[in-house]
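Oh and the sequence shown: position 21 is 21 in this note's numbering, straight run, nothing missing.
For every residue, glycine included, the Cβ atom is placed at its ideal position computed from N, Cα and C.
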Amino acid sequence: MILSSEEDDSYLKYYNLDNAINWLKMAASHGYIKAEVELLRLERLKETIRLGKDHPMP
1 MILSSEEDDS
11 YLKYYNLDNA
21 INWLKMAASH
31 GYIKAEVELL
41 RLERLKETIR
51 LGKDHPMP
């Protein structure tokens, strides 16, 4: 399957966001407070991106 460069770029950004979230979950589980704060921020960002794709603005 060949994706356009825009689709590929978007996928990579989303994939990297998931990786960052996974690493922060691990750090937060080990008690790093700053990781917990950043994790919440990235999870909100991911949800915003998901909603933006599902509900495009007029």
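Measuring only the C-alpha atoms, how far is residue i from residue j?
| i | j | result |
| --- | --- | --- |
| Leu39 | His30 | 13 Å |
| Glu43 | Ile21 | 7 Å |
| Ile49 | Leu17 | 10 Å |
Under the rule that 16 or more other beta-carbon atoms within 10 Å means buried, what is residue i, buried or exposed?
| i | result |
| --- | --- |
| Leu24 | buried |
| Leu51 | exposed |
| Ile33 | exposed |
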